[in-house]
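Engineer:
In this note's numbering, the protein residues as written are 62 to 205.
#1: Return yes when the Cβ of residue 132 is within less than 8 Å of the Cβ of residue 172, no when it is not.
#2: So, using beta-carbon positions, are residue 121 and residue 179 closer together than 8 Å?
#3: Going by DSSP, name the residue or residues bridged to residue 130.
#4: What residues match up with residue 206 in a beta bridge as DSSP calls it?
#5: Taking the C-alpha atoms as reference points, what is the distance between residue 155 and residue 105?
#6: If you count every other CB in all the chains shown that lies within 10 Å of the CB of residue 194, and 16 or more means buried, which is it?
#7: Using beta carbons (cut-off 8 Å, strictly below), is residue 189 in contact with chain C?
#8: Please report the Cβ distance between residue 139 and residue 169, rounded to the nearest whole angstrom; I am assuming they are in contact, meaning their Cβ atoms lie under 8 Å.
#9: For residue 115, I'd like the list of residues in its chain whose CB is within less than 7 Å of its CB, leaving aside the five on either flank, ordered along the chain.
#10: Note down the Cα distance separating residue 183 from residue 74, rounded to an integer number of angstroms.
#11: At what residues does the beta strand (DSSP E) containing residue 165 begin and finish?
#12: Taking the CB atoms as reference points, tell me whether residue 198 and residue 143 lie closer together than 8 Å.
#13: Is the beta carbon of residue 192 less than 8 Å from the beta carbon of residue 134?
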């Protein structure tokens with residue numbers, strides 16, 4: 062089907078307006094990170110951390126789902142999942158552990174994969190509140 066510029070809009074032959082074009086003819090494009098145009102973004106929240114701390118927060122932007130893995134050599138650890146609202150305050154967020162569908166705002170485990178709905182939030186972090194005897198890493202992928 063052909064598209065033509067009519068009355069300040071790009072339109073199909075049947076008269077429907079084609080989305081993504083501005084009146085000046087420029088195209089609205091959103092470039093996503095990730096391979097193959099899939100829009101997945103690699104996220105590192107904690108990297109071999111050996112002490113309690115906030116780690117690196119992830120600015121959510123337009124991403125909707127965050128899936129993370131927790132692993133490491135520590136003999137014990139507590140990782141707290143938190144999100145930042147528009148006010149800047151941090152709040153606990155419940156995630157879903159995909160191995161058994163358990164819901165929680167924190168974990169003391171390792172070798173776990175968690176999934177979170179982060180739609181409309183400002184930021185996400187995996188804060189280590191306690192750790193002993195080694196390190197812990199938290200990495201994952203954010204998708205639209």
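Yeah, the Cβ is synthetic: ideal placement off N, Cα and C, and Gly gets one too. Nothing here was measured: the structure is a model prediction, and the numbers come from that model.
Structural biologist: Result, derived from the coordinates:
#1: Residue numbering aside, residue 172 sits at position 111 when the chain shown is read from its first letter. Residue numbering aside, residue 132 sits at position 71 when the chain shown is read from its first letter. The answer is yes: Cβ separation under 8 Å.
#2: Translated into the one-based positions of the chain shown, residue 121 becomes position 60. Translated into the one-based positions of the chain shown, residue 179 becomes position 118. It is a contact, given that the beta carbons lie within the stated cut-off.
#3: Mapped onto the chain shown, residue 130 falls at position 69. Bridge partners of residue 130: 174, 200.
#4: Past the boundaries of the shown model lies residue 206; the chain is included only from 62 to 205, so the question cannot be answered.
#5: As a working note, residue 155 is residue 94 in the chain shown. As a working note, residue 105 is residue 44 in the chain shown. Going by the C-alpha atoms only, they are around 19 Å apart.
#6: Translated into positions along the chain shown, residue 194 becomes position 133. Exposed, since its Cβ has fewer than 16 Cβ neighbours within 10 Å.
#7: Given the protein chain composition of this structure (a single chain), no chain C is represented.
#8: Here residue 139 corresponds to residue number 78 of the chain shown, with the count starting at 1. Here residue 169 corresponds to residue number 108 of the chain shown, with the count starting at 1. Their Cβ separation, rounded to whole angstroms, is 5 Å, which keeps residue 139 and residue 169 in contact under 8 Å.
#9: What you label residue 115 is simply residue 54 of the chain shown in a count that begins at 1. Cβ neighbours of residue 115 beyond the five flanking positions: 186, 188.
#10: To locate residue 183, count along the chain shown from 1; it is residue 122. To locate residue 74, count along the chain shown from 1; it is residue 13. Approximately 41 Å, taken between the alpha carbons.
#11: On the chain shown, residue 165 is found 104 positions in, with the first residue counted as 1. First-last of the beta strand (DSSP E) with residue 165: 163–165.
#12: Walking along the chain shown from the start, residue 198 turns up at place 137. Walking along the chain shown from the start, residue 143 turns up at place 82. Contact: no.
#13: Counted from its first residue, the chain shown places residue 192 at position 131. Counted from its first residue, the chain shown places residue 134 at position 73. Going by C-beta atoms, residue 192 is not nearer than 8 Å to residue 134.
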